[in-house]
Amino acid sequence: MKKLILILLLFAVVSCTYDSQKQQYISVRLFGWDKQLADFYPQITDSLSSVNTEEFSTRNRHYHTLLNAIAGAWSGKSLVTDSALDKTTDWYRSKRDYRNVCRAMVYHYSTENQYNRLKEAEELFNRYKIDDSLTKAYLYMYLSEAIVRPAAGVSLSRQTAAQKSESYKRMSIAIFIEIGRLREAQNLLINSYNTQPFYLTREKQLEALREIESFDTIYPEVKSKLLLLYANYFFEENDKRGFEYLHEYINFEGDRILKDVTKIHVFQRMSNEYLRIGQMESALRFAMLYNKHLLELQPFEFDGYRSLSSVYEAMGDSKNAYINHQLYHKAFSYKKSAQYQDILLQSKAATKEYEKKIKQLRRANTFTVYGTILFVGALLATLGLSIFKKRRGNFSNARAEEEYREQVGDLTKLYKRVRFTNEVLRVSAGLMPSFIDSMAKEAGRCRKVSQETFDNILNNISSMRQSGRDIISEIAKSEEFAELFPDLASYKELSSYEKVIQALFEMGYSPKEISNLISTTPASIRSIKAKIKDKLPFLSMSGDGENQSEEY
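Each residue of the sequence shown is one higher than the one before, counting from -14 in my numbering.
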């Protein structure tokens, strides 16, 4: 016994040690990703998404959530839910890990109440002297953006917000430059120019562009944006230097322009600007380049034809203007036709789903009819047998008589319940034929849109009715039917379907009620009734003298 306890204790120690080593390995791995995240966040984002966090400890799971939030903020995506990040923030707060509390608050992707959240992070940075320059730089960058965004939870005058935004931006840029993150500093200047141009005068806008240009090294994606901003600025000033910057942009991007639809639009911009100043040959050349390369990337795009048509029209070349206008409308019509084709396919899919539901309703209705007939028949047979046995009992025994009355009362209640249930089923049974009629009418409305859809619905309704006849015919072949209706089961002159109809007549159902139960029309039931009379004249049928108008 002592050896067993010793073995169990040893096993527990080994298991705990193994789990501890495993969690330590995961923690070291996450820490390594954290150190490299700023420079390689696209690759590390993929690594973070590929790991299974089910076996992570609580600490490692929250660390993983935090890294996902940081990577998402830098890539412009929401990689974690707000609730998950809020839990991580609260967990780090409970552990007094205020650096990670601040990181979780700064890199929270949601803009709701962002300003207040960032101000709290700033207060924690200052109170606990947190040493994380990169996060602090992003804190001031996000503050410069949030303070001019109403949804972030701050309400200031436009002028005050602009002044504070500029102050936060300068603090962020200073930190970025201090720690050698020049790419982030340059992108911040570009983004602030794009998001806040209405706060700047024309002179301040030009100063902002020259500040970006003053860096010794400008990153390629920043230079590309800078050239376009310069071009926009000078075009707004009606200065031809805008063409110089657009040409420089085209030369700088090179073949990359021909692989990106968004960059190809620079050809259209060049064409429009040359058209504006009346240089028709240059406008035509760039319109042709735009149309050619746009079609190479997107064969079904048609905007280039419209640009060509506008240039030819301005040149007075009505023939080519008309040809390109026709090509534009032809491509436009083709695209719309493809969209209508998609709508038609969706309509067909919806029709198939409708047909599927019809079949489900038919099966449910058939099962209800079959089950009701068998249940009611079995119940009546049981009731009759029970009453018969009771009548043969000794009525001189008062106790036995009392029990008999109680049982008869119970059976009467049960019989009433069955009759009421049968009445409910009888009333609802007519819904299926009405639904089929509605579907047939709906098919008629679809005929103008799609003959194929019209034919499919009618064929399915016909197939459904034939399948219903086949399923109902199977009832007459069952042993239960032979027990309930032995005479009918022996008539070889009648088909299985006719036997079921005759059984329903013998049970007192009218043609309208029978048509509702088996999803057909009263006229069809009366036709079958006439056939049965012709085959077996001696059979008695209820409803011979009924008011026929009530069957409709």
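Here a beta-carbon is modelled for each residue, glycine too, at the ideal position from N, C-alpha and C.
- Between the region 462 to 475 and the region 441 to 452, the count of Cβ pairs shorter than 8 Å is below three; the stretches do not touch.
- Taking the Cβ atoms as the reference, Y482 lies roughly 5 Å from S458, within the contact range of under 8 Å.
- Remark: three or more beta-carbon pairs, one from each stretch, lie closer than 8 Å, so the region 248 to 257 and the region 266 to 276 are flagged as touching.
- The C-alpha of A216 is placed about 11 Å away from the C-alpha of L194.
- Distance between T397 and T505, taken at the CA atoms: about 33 Å.
- Look at P284 here: in three-state DSSP terms it is coil, with no helix or strand label.
- When C-beta atoms of the region 110 to 126 are compared with those of the region 89 to 101, three or more pairs fall below 8 Å, so the two segments count as touching.
- Burial is judged here by how many other beta carbons sit within 10 angstroms of a residue's own beta carbon; K497 has at least 16 and is buried.
- Apart from the 5 residues on each side of it in sequence, L185 sits with its Cβ closer than 7 Å to the Cβ of A193 in its chain, given in chain order.
- DSSP places R81 outside both helix and strand once states are collapsed to three, so it counts as coil.
- In this structure N236 is exposed. Its beta-carbon is surrounded by fewer than 16 other beta-carbon atoms within 10 angstroms.
- The closest CA to that of S35, considering only K514, R44, L365 and L64, is found on L64.
- Uninterrupted alpha helix (DSSP H) stretches at least 4 residues long and entirely within the region 88 to 160 occur at 99 to 113 and 118 to 131, given in chain order.
- A474 and E437 have their alpha carbons spaced roughly 43 Å apart.
- For D440 and R454, the gap between their C-alpha atoms comes out near 21 Å.
- DSSP, reduced to helix, strand and coil, places P496 within a helical segment of the structure shown.
- If you compare the alpha carbons of A147, R112, I115 and S142 with that of L128, the shortest gap goes to A147.
- For I262, no alpha helix (DSSP H) segment is defined, and its DSSP state is neither H nor E.
- Counting only the Cα atoms, I421 lies some 55 Å from N53.
- The residues L489 and I510, in chain order, have a CB closer than 6 Å to that of I499 in the same chain once the five nearest residues on each side in sequence are set aside.
- If you look at A193, you'll find it in the alpha helix (DSSP H) that goes R187 to E198.
- Cβ-Cβ distances below 7 Å link N309 to Y290, L293, S294 and Y297 in the same chain, with the five nearest sequence neighbours on each side left out; the list follows chain order.
- Straight across, the Cα-Cα distance linking R168 with L282 is about 30 Å.
- When Cβ pairs closer than 8 Å are counted between the two stretches, the region 54 to 74 is seen to touch the region 26 to 44, the count reaching three or more.
- For S157 and M273, the gap between their C-alpha atoms comes out near 45 Å.
- The DSSP-derived three-state label of A366 is helix.
- Listed in chain order, the non-local C-beta contacts of N305 below 6 Å within the same chain comprise Y297, local neighbours out to five positions each way being set aside.
- By the neighbour-count definition (other C-beta atoms within 10 Å, threshold 16), Q451 is an exposed residue.
- For N37, there is no enclosing alpha helix (DSSP H), as DSSP marks it with neither H nor E.
- Note that the C-beta distance between V207 and Y234 is not below 9 Å.
- In the three-state reduction of the DSSP assignment, P522 falls in the coil class.
- Per DSSP, the unbroken alpha helix (DSSP H) holding I55 starts and ends at T43 to S60.
- For L243, same chain residues with a beta-carbon under 6 Å away, outside a window of 5 residues either side, are H278 in chain order.
- Annotation: the continuous alpha helix (DSSP H) that includes A467 extends over E464 to L469.
- Counting along the chain, the unbroken alpha helix (DSSP H) around T180 starts and ends at L167 to T180.
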